[in-house]
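Student:
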Amino acid sequence: MLDPKDKKIIAALRENSRQSIRELAQSSKLRPSTVHQRLLKLEKEKIIERYTVKVNNESVGEGFIVFMWISTNQDLPPSFFHDPCIKEVFGITGEYDLLLKLKFPSIAEFNEYLIRLRKNKVITKTFTQIVTINLKEEL
């Protein structure tokens with residue numbers, strides 16, 4: 129269980145994962161050595177899995193965002209998920225088996241992906257929704 133001090137450190141890292149230990153210590157009102165030890169513990173316990181960066185989707189050619197529900201008649205091969213446009217995959221309950229978050233530079237690239245996807249005989253049904261505006265995103 130996380131204590132309030134750990135939560136404060138994590139909240140600060142969510143705002144800016146490039147903060148130094150000294151900066152984290154100042155914002156959490158802890159000594160730098162204490163922050164360092166807590167970070168090591170959080171990493172060891174896999175509470176902090178990695179440090180990452182939030183990028184502008186448009187600037188990196190990923191401004192066209194799609195959510196796709198997929199039904200399959202058997203498991204998809206692991207290679208299916210290696211496509212760089214697939215950013216997140218969730219196993220879900222209900223009418224569909226998977227929910228994919230996909231990012232493309234444009235609708236043209238999305239259409240090319242759909243053409244390739246339709247050739248996959250394991251996929252029996254899809255439902256697609258295109259993101260028109262991102263109202264909130266957290267890392």
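Counting the sequence shown from 1 gives a position; our numbering is that position plus 128. Yeah, the Cβ is synthetic: ideal placement off N, Cα and C, and Gly gets one too.
(1) Just curious, the alpha helix (DSSP H) that E266 is in, first and last residue?
(2) Looking at the secondary structure, which residues open and close the alpha helix (DSSP H) in which Q154 lies?
(3) Specify the secondary structure class of L228 as computed by DSSP and reduced to three states.
(4) From L170, S207 and I251, pick the residue whose C-alpha is nearest to that of T200; which is it?
(5) Are the CB atoms of L245 and W197 nearer to each other than 8 Å?
(6) Counting only the same chain and skipping the five closest in sequence on each side, list residues whose C-beta sits under 8 Å from that of S265.
(7) Closest to S155 by C-alpha separation, out of K174, K133, I176 and K172, would be which residue?
(8) Going by Cα to Cα distance, which pick from V217, P205, T254 and E190 is closest to A236?
(9) For the structure I just gave you, are there three or more beta carbon pairs, one from the region 140 to 150 and one from the region 171 to 186, closer than 8 Å?
Tutor: Let me lay it out:
(1) It is not in any alpha helix (DSSP H) - E266 carries neither H nor E in the DSSP assignment.
(2) I149 to S156
(3) strand
(4) I251
(5) no
(6) The displayed chain sequence assigns Glu, not Ser, to residue 265. Answer for E265: K182, listed in chain order.
(7) The shortest Cα separation from S155 among K174, K133, I176 and K172 belongs to K133.
(8) Closest option to A236, judged by alpha-carbon separation, among V217, P205, T254 and E190: E190.
(9) yes
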